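Inspection log for the structure reproduced underneath, given as structure tokens.
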Amino acid sequence: MTVNEEVLFSVENHVATLTLNRPKRGNALTGTMNDLLLSYLEKIRADPDSRVVILTGSGKFFCTGMDLSAASSSSDEESVTASFLKGLKVFETLYRFPKPIIAKINGPALGGGVGLVFTTDIRVAHQDVYFALTEVKRGIIPAIISQYIVPELGIHKTREYMLTGRKVSTQEGAPFLSRIAGSNEELEDQVKDYANMLLESAPGAMTDIKRLIDTVSSGGDSQRSDRVRSEVQIAYTKMMRSDEAAHGIMSFMTKKKPNWSEFIKENAKL
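The numbering used here puts the sequence shown at residues 5 to 274.
Here's what the structure looks like:
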């Protein structure tokens, strides 16, 4: 394990830990991080000795979502499609991973970081963290992660959280969390407790249970996810090539709050 890598990987006592490691940038997801996550997940999948996965972040944040500075580099259709497919692959791999994944939520989760949480099977959060789907504030939408959030959170709450981008405390988010820890030590202990419980479960049965739940939740419609994904890709491409996204991301880059009223006036003149 190299401490300077953007994702840290370790295995101990049959438990593999993946740590998002860009603490100075809120563990915002980059192309390099996506590649590392996919590479390490494939190692874990192929290793029968690794039976449980822990996903966490280093520093103050769990994950603040997509790195918008990287997203601003190119908006041509080919680049946008490549970005979508790579991001989708990471979330799909986590969501459909054959081994149980525990989210050890050490700090706030924003945007795609919330999506990461919803791809996991068990979620333990420090009581002081919060969750926020902040994309709308920057003229973008939570496209890829909507596939994992909407079915579990429900239409009404998803609309509220995605449209407002407001902070959601662990107390309010309790329905989608497994446990809430009162301290860092308690967070460590609770994650360890869950890992030990999972290690006492049959590996093959756990894989089959995850697959069964996915089948039941989709109503046995094997084509449903493909249809949804197609619409999500259309929405993602439209978003990343929009004037709103360009304005919102540029505001982020220059550390300014977007003025959407002014944006509307300027666009009306064109």
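From the three backbone atoms N, C-alpha and C, an ideal C-beta is built for every residue, glycine too. For clarity, every value in this text was computed on a predicted model and none was experimentally measured.
- One thing to note: Gly63 has its Cβ no nearer than 8 Å to the Cβ of Pro112.
- In the structure shown, Lys108 adopts extended strand secondary structure according to DSSP, grouped into three states.
- In the structure shown, His160 adopts helical secondary structure according to DSSP, grouped into three states.
- Each of Val56, Ser73, Asn17 and Leu33 was checked against the Cα of Thr124, and the nearest Cα belongs to Val56.
- In the assembly as shown, Asn17 is an exposed residue. Its beta-carbon has fewer than 16 other beta-carbons within 10 Å.
- In the DSSP assignment, Ile58 falls outside any alpha helix (DSSP H) and within the unbroken beta strand (DSSP E) covering Val56 to Gly61.
- Per DSSP, Ala136 is one residue of the beta strand (DSSP E) stretching across Tyr134 to Ala136.
- Ranking Ala178, Ala209 and Met244 by CA distance to the CA of Asp80 puts Met244 first.
- For Thr23, the pairing in a beta bridge is given by DSSP as Leu12 and Thr60.
- For His251, the enclosing alpha helix (DSSP H) has its first and last residue at Asp247 to Met257.
- Less than 8 Å divides the Cβ of Lys214 from the Cβ of Pro102.
- For Leu137, the closest of Ala107, Leu98, Arg127 and Gly177 by C-alpha to C-alpha distance is Gly177.
- Sorting Ala129, Ser150, Pro179 and Ala209 by C-alpha distance to the C-alpha of Thr60 places Ala129 at the top.
- Arg127 and Pro179 have their alpha carbons spaced roughly 11 Å apart.
- Inside the segment 147-231, DSSP marks whole alpha helix (DSSP H) runs of 4 or more residues at positions 147-157, 159-168, 188-203 and 207-221, from first to last along the chain.
- Around the beta carbon of Ser150, 16 or more other beta carbons lie within 10 angstroms, which makes this residue buried.
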